[in-house]
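Visitor: In the working numbering, the protein residues as written are 202 to 502. Please see the structure below; I have some questions.
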C-alpha cells in the first residue's frame, strides 16, 4: 500500500512539473511575440522619426476618425498660411498614426500609402523654402487619404470622377482631330489629378484596380513622349482603355453614360441646327402640297 501511494504521488508531481514547463514555454512564446511586435514598431518609429507621447493604442475606427479630424484642421491651417500650427498638427497626426491600429480598415498597401503621405506632409511643412503650392498639395492628399480611411464606402475622392471624365473627353477629342498636342495636354492634367487622389484610392480600392489604372497612365505617358508618330486610331484606342480603367477604379457600371461627349454638335454648331430645321420645313411643305394635290384630283373625279 505505501508503494502504491508513493507511485501515485510521484505521478502527480511529474504531471505538475510537465504542466509548469509547458506553461513557461507558452508564456515565453507570448512574451517573445510581443517583444517582436514592439521591436517592429520601435524600428518603424526610429525610421520615420515619429515619437509616441500617448501609449494608449486607439481602435481602428476611433483612430481613423481622429486622423481625419486632424487632417481637416491641418488643411485649414495650410490654406490660412499658418505654418506653425500646421507643423503642430502634423506632429499630432504622427502620434495618431503610431498609436492606432488600422487592421481591417485597409490593406498593407493602404497603410504604406498613408504613412508615405504623412511623411510627405511633414517634410513640406518642415522645409523652410517649401512653396505654398507644395504644402497645399501635400495637405490635400493627406486630407483625401484620411477621409478614404474613415469613409471607405463613400470617400471624398470619388468626386474627382467628373474631372477625370472631362480629361478623358479632351483626350478623345484631341485624338479624333489627330491633335497630339491637345492629347498630351489633357493627359498631363489627368496625371496631376490622379497624383492627388492616388493615396486615397490605394486605401479604399483593391490593388488590382489601382494597378490597372497605373499601368494605363504609364503606357499613355510613354506614347506621349515617344518620338514615333502615332496614328489617330491608336490614340482613340488608348483613350478607350483609359475609360474602362477609370470605370473600374471609380466603381462605375458599363451601362452608365459613356465618358465621351458627342462631337457632332461641336463641329456643326448653330448653322447645323438651322440647316436641319430648313430641311425639315421643306419636307413638311412638300408633303403638304402632295396631300393637297391628291385631294384636288379626287374631287375632280
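Built from N, CA and C at the ideal position, the CB exists for glycine as well.
1) What residue range does the alpha helix (DSSP H) around residue 317 cover?
2) Nearest CA to the CA of residue 313: which residue from 402, 387 and 428?
3) Who are the Cβ neighbours of residue 227 in its own chain at under 8 Å, not counting the five residues just before and after it?
4) Shortest alpha-carbon distance to residue 523 belongs to which of 400, 389 and 284?
5) Mind checking who residue 150 pairs with in its DSSP beta bridge?
6) Can you tell me where the alpha helix (DSSP H) with residue 395 in it begins and where it stops?
7) Quick check on residue 430: does DSSP put it in helix, strand or coil?
8) Using only alpha-carbon positions, find the residue among 375, 337, 267 and 278 that is nearest to residue 438.
9) Residues in its own chain within less than 6 Å of residue 383 by CB, not counting five upstream and five downstream?
10) Measure how close the beta-carbons of residue 340 and residue 268 come, nearest whole angstrom, since I'm counting them as under 8 Å.
11) By the 10 Å Cβ neighbour count, where 16 or more other Cβ atoms means buried, how is residue 323 classified, buried or exposed?
12) Would you call the segment 352–366 and the segment 296–305 touching, i.e. three or more CB-CB distances under 8 Å?
13) On a CA-only basis, which of 432, 391, 397 and 434 is nearest residue 417? Give me that one, please.
14) For residue 426 and residue 261, I'd like the C-alpha separation in whole angstroms.
15) Quick one: give me the first and last residue of the alpha helix (DSSP H) that residue 278 is part of.
16) Taking the straight line between their C-alpha atoms, what separation do you get for residue 362 and residue 451?
17) Check residue 290 in the structure and name its three-state DSSP category.
18) Measuring CB to CB, does residue 265 end up less than 7 Å from residue 275?
19) From this set, 409, 446 and 372, which residue's C-alpha is nearest residue 433's C-alpha?
20) Quick check on residue 281: buried or exposed, where buried means 16 or more other Cβ atoms within 10 Å of its Cβ?
Guide: According to the data block:
1) 309–327
2) 402
3) Bear in mind that the predicted position of residue 227 carries a pLDDT of just 36, short of 50, making it unreliable; the figure below should be weighed with that in mind. If we look at residue 227 and ignore the five residues flanking it on each side, it has no Cβ neighbours.
4) Coverage of the chain is limited to positions 202 through 502, which leaves residue 523 absent and any answer about it impossible.
5) Residue numbering for the chain in the displayed model covers 202 to 502; residue 150 lies beyond these limits and cannot be assessed.
6) 381–405
7) coil
8) 375
9) 375
10) About 14 Å separates the two Cβ atoms, so there is no contact after all.
11) The residue in question, residue 323, is buried, as its Cβ has 16 or more Cβ neighbours within 10 Å.
12) no
13) Among 432, 391, 397 and 434, the Cα nearest to that of residue 417 belongs to 391.
14) Those two C-alpha atoms are separated by around 43 Å.
15) 261–281
16) Taking the straight line from one Cα to the other gives about 7 Å.
17) Per DSSP, reduced to three states, the secondary structure at residue 290 is helical.
18) no
19) Among 409, 446 and 372, the Cα nearest to that of residue 433 belongs to 372.
20) exposed
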